[in-house]
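Novice: Residue numbers (the numbering used here): 83 to 394.
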């Protein structure tokens with residue numbers, strides 16, 4: 083349990099730091115596109131084009147952030163195998179708090195009293211969850227459910243990407259929610275993946291859950307980048323946290339056999355609800371976000387980010 087918690091916290095730190103760096107790269111790319119007055123930077127619906135998203139992904143800040151994401155993914159996968167999903171995913175989603183605190187140190191952003199209170203609520207909720215968490219379920223499920231996971235992930239990412247592109251600049255909240263659901267599906271896939279313990283390569287390669295993980299990871303990262311380019315508004319951040327936390331937590335209990343300690347079920351439910359609400363509040367009470375092309379004070383390159391930058 084302790085090793086799992088430490089692993090989840092480390093994953094959260096990687097994700098939180100990576101999100102800040104990715105947002106810096108996304109916004110820098112968006113400003114360059116705006117400075118060139120290039121019509122290729124947006125779609126006809128006002129959202130970021132594939133070329134502008136690709137350009138954001140090759141900035142050094144974004145690439146370093148992506149490396150941290152991969153490290154976070156490995157740590158998060160280990161945590162998902164060691165802890166109940168409702169605990170591991172909630173701890174990892176607390177990267178939103180790490181992002182906010184990191185903004186104080188690196189960006190000189192002052193948090194309001196409401197934001198500090200929200201951070202305190204999240205920390206208290208994590209203590210409740212750690213206290214209530216019992217043994218994780220076995221994770222052994224029929225192979226048919228792995229196929230269902232793959233199908234659902236493809237529909238979620240494929241259909242969601244199409245809808246986001248059609249909505250364009252109005253899709254920030256939806257992109258955040260879909261990216262969160264994608265990362266949530268990734269956590270579920272890691273938990274049920276065959277051929278890991280003990281390691282057996284043919285079983286691993288033949289498991290549909292492996293391909294669900296790949297689709298969810300790549301698609302979730304793309305949608306996360308789009309949300310950052312559109313503006314990383316409070317609602318998008320909150321939606322990401324809810325999508326990444328709530329659905330995997332429920333599936334872990336109903337499908338994978340995750341449970342709380344005897345007599346602590348109400349503590350687990352309370353901690354889960356309060357953690358999600360606190361994370362949403364951190365995003366909601368963040369300072370209003372400026373337009374991507376607007377210069378900001380406190381940075382010679384105008385790269386300052388708001389506290390509610392989208393976290394994963």
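Note that beta-carbon positions come from the ideal geometry of N, C-alpha and C, so glycine has one too.
Determine the extent of the alpha helix (DSSP H) in which residue 172 is found, giving its start and end residues.
Specialist: Note, residue 172: alpha helix (DSSP H), 167-175.
Novice: With DSSP as the reference, please indicate the residues paired to residue 215 in a beta bridge.
Specialist: Answer is 342, bridged to residue 215.
Novice: Would you kindly work out how many angstroms separate the C-alpha atoms of residue 300 and residue 346, rounded to a whole number?
Specialist: Going by the C-alpha atoms only, they are around 37 Å apart.
Novice: Quick one: measure Cβ to Cβ for residue 168 and residue 356, integer angstroms, because I've assumed they're closer than 8 Å.
Specialist: Incorrect: roughly 13 Å between the Cβ atoms, too far for contact.
Novice: Quick one: what's got a C-beta closer than 7 Å to residue 94's C-beta in the same chain, skipping five residues either side?
Specialist: The answer, listed in chain order, is 173, 174, 176, 177 and 180.
Novice: In three-state DSSP terms, what is residue 282?
Specialist: In the structure shown, residue 282 sits in coil (DSSP, three-state: anything other than H, G, I, E or B).
Novice: Quick check: what's the CA-CA separation for residue 87 versus residue 352?
Specialist: Their backbone Cα atoms lie some 19 Å apart in a straight line.
Novice: Which residue marks the beginning of the alpha helix (DSSP H) containing residue 151, and which one marks its end?
Specialist: First-last of the alpha helix (DSSP H) with residue 151: 142-164.
Novice: I need the DSSP call for residue 252, collapsed to helix, strand or coil.
Specialist: In the structure shown, residue 252 sits in a helix (DSSP, three-state: H, G or I).
Novice: For the stretch 327-334 against the stretch 263-277, do three or more pairs of beta-carbon atoms, one drawn from each stretch, fall closer than 8 Å, so that the two count as touching?
Specialist: Counting Cβ pairs under 8 Å, three or more are found: they touch.
Novice: Using the Cβ count rule (16 or more neighbours within 10 Å means buried), how would you classify residue 315?
Specialist: Residue placement at residue 315 is flagged as unreliable, the pLDDT there being 49, under the threshold of 50; a coordinate-derived value is accordingly withheld.
Novice: Ignore the nearest five residues each way along the sequence and tell me which others in residue 196's own chain have a CB closer than 7 Å to its CB.
Specialist: Closer than 7 Å at Cβ, skipping near neighbours: 367.
Novice: Along the chain, where does the alpha helix (DSSP H) containing residue 307 start, and where does it finish?
Specialist: Note, residue 307: alpha helix (DSSP H), 290-312.
Novice: Taking buried to mean at least 16 other C-beta atoms within 10 Å of its own C-beta, is residue 144 buried or exposed?
Specialist: Under this definition residue 144 is a buried residue.
Novice: Using only the alpha-carbon positions, how far apart do residue 243 and residue 142 sit?
Specialist: Distance between the alpha carbons of residue 243 and residue 142 is about 25 Å.
Novice: Roughly how many whole angstroms lie between the Cα atoms of residue 339 and residue 110?
Specialist: In a straight line, the C-alpha of residue 339 is about 45 Å away from that of residue 110.
Novice: With distances taken Cα to Cα, identify the nearest neighbour of residue 343 among 103, 363, 171 and 213.
Specialist: Ranking the options by Cα distance to residue 343, first place goes to 213.
Novice: Whose CA, out of 337, 350 and 321, lies closest to the CA of residue 362?
Specialist: Among 337, 350 and 321, the Cα nearest to that of residue 362 belongs to 321.
Novice: How is residue 223 classed by DSSP in three states: helix, strand or coil?
Specialist: Of the three classes helix, strand and coil, the one that applies to residue 223 here is coil, per DSSP.
Novice: Taking only the alpha-carbon atoms, compute the straight-line gap between residue 308 and residue 276 and give it to the nearest angstrom.
Specialist: Going from the Cα of residue 308 to the Cα of residue 276 covers about 32 Å.
Novice: Residue 281: buried (16+ other C-beta within 10 angstroms of its C-beta) or exposed?
Specialist: Under this definition residue 281 is an exposed residue.
Novice: Just tell me which of 283, 206 and 150 has its CA closest to the CA of residue 359.
Specialist: Here the closest residue by C-alpha is 206.
Novice: As a quick exercise: from 162, 263, 99 and 155, pick the residue whose alpha carbon is nearest that of residue 323.
Specialist: Per the Cα distances, 263.
Novice: Of the choices 183, 285 and 234, whose alpha-carbon is the least far from that of residue 204?
Specialist: For the residues 183, 285 and 234, the minimum Cα distance to residue 204 belongs to 183.
Novice: Taking 8 Å as the cut-off, decide whether the C-beta atoms of residue 235 and residue 297 are in contact.
Specialist: Going by C-beta atoms, residue 235 is nearer than 8 Å to residue 297.
Novice: Is the beta carbon of residue 290 less than 8 Å from the beta carbon of residue 337?
Specialist: Not in contact: residue 290 and residue 337 (Cβ atoms no closer than 8 Å).
Novice: Between residue 148 and the rest of its own chain, which residues show a CB-CB distance below 8 Å, the 5 nearest in sequence each way excluded?
Specialist: Excluding sequence neighbours, residue 148 sits near 100, 104, 139 and 303.
Novice: Can you look up residue 277 in the DSSP assignment and give me helix, strand or coil?
Specialist: Three-state result, residue 277: coil.
Novice: If you run the structure through DSSP and keep just helix, strand and coil, what is residue 192?
Specialist: It is coil, neither helix nor strand.
Novice: Taking the Cβ atom as the reference point for each residue, do residue 90 and residue 193 lie within a distance shorter than 8 Å?
Specialist: The answer is no: Cβ separation not under 8 Å.
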